[in-house]
Amino acid sequence: MRKSPLRTVFSAALLWAGISTSAGAAEPGMYLYNWFGLLAPETPKEFEQATGTRIHMDAFDSAEVMQSKVMAGRTGYDVVVATSDVLPGLIQAGVLQPLDPAQLSNLSHVDPDILAQLAVNDPGNRYAVPYLWGTTGIGYDVDKVKTALGDNAPVNSWDLIFKEENISKLQSCGVAMLDSPSEIISIALNYLGLPSNSKNPDDYQKAQALLLKIRPYIRYFDSSRIDADLADGNICAVVGWANGALAAQAINEKSNTGRRITYSLPREGALVWSENLVLLKDAPHPKAGLAFINYMLQPEVIAKTSNHTLYPNANKDATEFVQQKLRDNPWIYPDKQTVATLVPLEPLPLKLERIRTRVWTKVKSNI
Numbered sequence: 062m063r064k065s066p067l068r069t070v071f072s073a074a075l076l077w078a079g080i081s082t083s084a085g086a087a088e089p090g091m092y093l094y095n096w097f098g099l100l101a102p103e104t105p106k107e108f109e110q111a112t113g114t115r116i117h118m119d120a121f122d123s124a125e126v127m128q129s130k131v132m133a134g135r136t137g138y139d140v141v142v143a144t145s146d147v148l149p150g151l152i153q154a155g156v157l158q159p160l161d162p163a164q165l166s167n168l169s170h171v172d173p174d175i176l177a178q179l180a181v182n183d184p185g186n187r188y189a190v191p192y193l194w195g196t197t198g199i200g201y202d203v204d205k206v207k208t209a210l211g212d213n214a215p216v217n218s219w220d221l222i223f224k225e226e227n228i229s230k231l232q233s234c235g236v237a238m239l240d241s242p243s244e245i246i247s248i249a250l251n252y253l254g255l256p257s258n259s260k261n262p263d264d265y266q267k268a269q270a271l272l273l274k275i276r277p278y279i280r281y282f283d284s285s286r287i288d289a290d291l292a293d294g295n296i297c298a299v300v301g302w303a304n305g306a307l308a309a310q311a312i313n314e315k316s317n318t319g320r321r322i323t324y325s326l327p328r329e330g331a332l333v334w335s336e337n338l339v340l341l342k343d344a345p346h347p348k349a350g351l352a353f354i355n356y357m358l359q360p361e362v363i364a365k366t367s368n369h370t371l372y373p374n375a376n377k378d379a380t381e382f383v384q385q386k387l388r389d390n391p392w393i394y395p396d397k398q399t400v401a402t403l404v405p406l407e408p409l410p411l412k413l414e415r416i417r418t419r420v421w422t423k424v425k426s427n428i
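Letter by letter, the sequence shown follows residues 62 to 428 of this note's numbering.
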């Protein structure tokens with residue numbers, strides 16, 4: 062679900078680290094299937110030095126690709142990184158094996174609040190360990206939004222996007238959204254005061270009506286393009302992921318462009334999701350896989366990946382090792398009061414998935 066803005070950096074890091082990227086090889090080690098960019102470049106070598114086990118890694122850039130491969134079985138992978146709302150399907154298909162807490166001595170470092178959110182999609186926290194997490198909110202150009210809407214622009218509310226009187230004024234500087242029906246439609250439902258993961262088909266028609274009303278003012282839907290366009294000043298507001306807005310902010314600060322980019326978690330609530338480490342049922346090296354998961358639960362280790370990816374991690378004892386600018390950002394590491402407003406995505410029954418797909422198709426094609 063989440064394409065990393067650091068994909069190119071990650072690919073280069075793989076070559077630099079000399080990591081094998083073939084799950085079909087018979088070479089001993091631990092085989093990892095991960096999102097592009099979601100591991101600190103130094104971690105594979107450090108894991109090998111600590112354990113004597115080499116990491117062989119393949120990368121994917123969409124949850125659909127990962128799911129289809131894992132569902133087919135006999136992948137050769139041991140550990141896979143899976144987004145929280147994908148977990149129920151993997152669990153139901155029987156492709157994951159339960160994690161043995163006795164083999165995970167570092168599990169005590171995991172934040173219990175994040176574990177509780179993950180339990181929505183992994184009841185009893187039997188199959189997954191939260192790795193990194195993030196939110197879906199509003200990234201925006203401070204000065205362009207202020208020019209369009211004045212000093213009192215509702216940047217802390219979904220009103221910025223869903224009220225026609227606001228988004229129409231932002232049209233000239235550009236508004237874009239993720240191409241993610243599960244996220245955008247869930248946000249629309251929440252804004253309407255309806256359950257974000259509603260099981261009522263009628264609710265999706267209400268979300269459709271809201272989205273169609275503002276559709277003329279949305280420039281495009283594209284999950285891989287919005288961060289770069291926000292950074293370059295091509296658009297001024299996005300419904301996107303926190304780390305993308307933070308990356309855009311960092312690029313502009315480093316280049317001294319004068320553009321001020323920031324991120325907001327609207328007061329009405331936003332989406333929260335996690336990327337999780339799971340062990341495949343047919344893992345050829347399950348002990349090595351568990352050792353890797355346990356290694357990544359060390360506070361100093363996971364902090365390096367947070368610093369590299371700009372994602373917060375699920376380790377309550379790692380915060381002190383995360384770069385200060387990242388850990389002090391209230392939109393990246395929100396306080397408990399804000400966390401309480403966040404809503405995890407859940408998979409829908411097939412009938413409702415089809416309804417949501419039809420809604421999204423209509424919204425995207427209606428210009």
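We treat Cβ as the ideally placed atom computed from N, Cα and C, and that holds for glycine.
Since the model is a prediction, treat every value here as computed from it, not as a measurement.
Apply the 10 Å Cβ neighbour rule to residue i and answer buried if 16 or more other Cβ atoms are within range, or exposed otherwise.
i: MET132; result: exposed
i: TRP77; result: Low confidence applies here, because TRP77 scores a pLDDT of 38, under 50, leaving its location unreliable and the question unanswered by this model.
i: ALA111; result: exposed
i: THR422; result: exposed
i: GLN128; result: buried
i: LEU332; result: buried
i: PRO102; result: buried
i: LEU157; result: buried
i: GLY134; result: exposed
i: LEU371; result: buried
i: ASP119; result: buried
i: LEU411; result: exposed
i: ASP172; result: buried
i: ASN227; result: buried
i: ALA214; result: buried
Can you name, in chain order, every residue of its own chain whose Cβ lies under 7 Å from the Cβ of residue i, other than the five neighbours on each side?
i: GLN310; result: ILE322 and THR323
i: ALA303; result: GLY195, THR196, GLY198, TYR324, TRP392 and ILE393
i: SER218; result: PRO327, ARG328 and GLU329
i: TYR281; result: ALA237
i: ARG320; result: ASP202, GLY294 and ASN313
i: GLY350; result: MET91, ASP139, VAL140, LEU340 and ALA344
i: ASN427; result: LEU273 and ARG276
i: LEU250; result: PRO256, SER257, SER259, ASP264 and ALA268
Just grab the DSSP bridge partners of residue i for me.
i: VAL339; result: VAL141 and ALA189
i: LEU157; result: LEU341
i: TRP421; result: Paired residue(s): none; TRP421 is not in a bridge.
i: LEU332; result: THR197 and VAL404
i: PHE282; result: MET238
i: ILE322; result: ASP202
i: VAL300; result: ILE199 and MET238
i: VAL171; result: ASN376
Does residue i come out as helix, strand or coil in the three-state DSSP assignment?
i: PRO373; result: coil
i: ALA101; result: coil
i: SER367; result: helix
i: ASP434; result: Here the chain covers residues 62 to 428 and nothing more, so residue 434 does not appear.
i: GLY305; result: helix
i: ASN427; result: coil
i: GLY195; result: strand
i: TYR394; result: coil
i: TRP219; result: coil
i: PRO256; result: coil
i: ILE228; result: helix
i: THR380; result: helix
i: THR112; result: helix
i: VAL181; result: coil
i: ARG415; result: helix
i: PRO162; result: helix
i: GLY294; result: coil
Short of 6 Å in beta carbon distance, which residues of its chain neighbour residue i, apart from the five on each side in sequence? Order them along the chain.
i: SER72; result: In this prediction, SER72 scores a pLDDT of 38, lower than 50, which makes its location untrustworthy; the coordinate-derived value is nonetheless stated afterwards. Nothing listed; no residue qualifies.
i: ARG115; result: GLY90 and GLU109
i: GLN178; result: PRO405
Given a cut-off of 8 Å, decide if residue j and residue i are closer than it, judged by their beta-carbon atoms.
i: TYR92; j: ASP161; result: no
i: VAL300; j: LEU239; result: yes
i: ASN167; j: LEU358; result: yes
i: TYR265; j: ARG417; result: yes
i: VAL216; j: TYR201; result: yes
i: SER367; j: LEU341; result: no
i: LYS205; j: CYS297; result: yes
i: LYS267; j: LEU413; result: no
i: LEU210; j: LYS224; result: no
i: PRO408; j: ASP146; result: yes
i: LEU451; j: TYR94; result: Given a span of 62 to 428 for the chain in the structure shown, any question on residue 451 remains unanswerable.
i: ALA401; j: PHE382; result: no
i: SER247; j: SER257; result: yes
i: VAL420; j: GLN269; result: yes
i: ILE152; j: ILE222; result: no
i: LEU253; j: LEU271; result: yes
i: ASP396; j: HIS170; result: no
So, at 8 Å on beta carbons, what are the nonlocal neighbours of residue i in its own chain, with the 5 sequence-adjacent residues on each side left out?
i: ILE175; result: PRO191, TRP194, SER335 and ALA375
i: GLY305; result: PRO66, GLY200, ILE287, ASP288, LEU291 and VAL299
Hey, does residue i have any beta-carbon neighbour from chain D nearer than 8 Å?
i: VAL424; result: Protein chains in the displayed structure number just one, and chain D is not present.
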